[in-house]
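Okay, so the sequence shown: first residue is 171 according to our numbering, each after it adds one. Even for Gly, the Cβ is constructed at its ideal location relative to N, Cα and C. One structure is given here, and the rest of the page talks about it.
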Amino acid sequence: MAELTKEMTASFDAVKQFPLATASRDGEPNVAPMGAVFLMDPGTIWIGNQFMKTTIRNVMENPRASLYVWGPGVKGCFKIKGDVTVLASGPDYEKMKEMVREKKPDLHCRSLLVLKVTDVYDCLPGPDAGRKIV
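Take a look at the structure:
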């Protein structure tokens with residue numbers, strides 16, 4: 171497991187929507203914007219499933235995903251890759267349901283995606299684009 175740096179973790183407060191990329195077992199790609207994204211510690215990101223269709227199907231078939239972190243207030247740009255576990259019961263899922271409810275009371279969290287960070291890459295244009303940084 172890899173861990174995000176302090177500078178990277180600070181970026182999570184500035185981002186409102188995080189593109190999450192997944193692929194089916196056969197390699198069919200999908201990317202979707204995620205709003206309920208919570209950095210739980212430098213190596214663990216929780217993502218709430220309120221509306222997922224293709225994304226949830228993909229991670230059930232192929233438990234890898236990539237989260238893109240960039241936007242106003244973010245110093246730099248980075249792509250996080252990780253292993254995903256899906257939870258639909260238990261204390262972590264219940265905690266995520268409450269976190270989603272606090273953020274958007276009208277939403278129902280159907281499941282929790284736990285992304286364990288394995289790699290982080292630079293994605294700014296230039297000579298370091300694509301360079302592994304963690």
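Supposed close pair residue i, residue j - CB separation, criterion 8 Å
i: V254; j: L174; result: The pair is not a contact, with the Cβ atoms about 16 Å apart (cut-off 8 Å).
i: L257; j: F188; result: That belief does not hold up - the Cβ atoms of L257 and F188 are roughly 19 Å apart, past 8 Å.
Reference residue i, options the options, closest by Cα
i: F208; options: A299, L283, D298; result: L283
i: G197; options: A235, Q187, F182; result: A235
i: F233; options: T288, V270, P295; result: In the sequence as displayed, the identity of residue 233 is Pro instead of Phe. The option with the nearest alpha carbon to P233 is T288.
i: V270; options: F221, T179, L190; result: F221
i: G213; options: M178, R301, A299; result: M178
Beta-bridge partners of residue i, as assigned by DSSP
i: M204; result: F188
i: K176; result: The partner list for K176 (beta bridge, DSSP) is empty, contrary to what the question assumes.
i: D298; result: DSSP lists no partner for D298.
i: V290; result: I250
Simplified DSSP state of residue i, which is helix, strand or coil
i: K274; result: coil
i: S181; result: helix
i: P199; result: strand
i: V284; result: strand
Quiz prompt | Minimum length 4: unbroken alpha helix (DSSP H) runs contained in the region 213–270 | solution = 224–231
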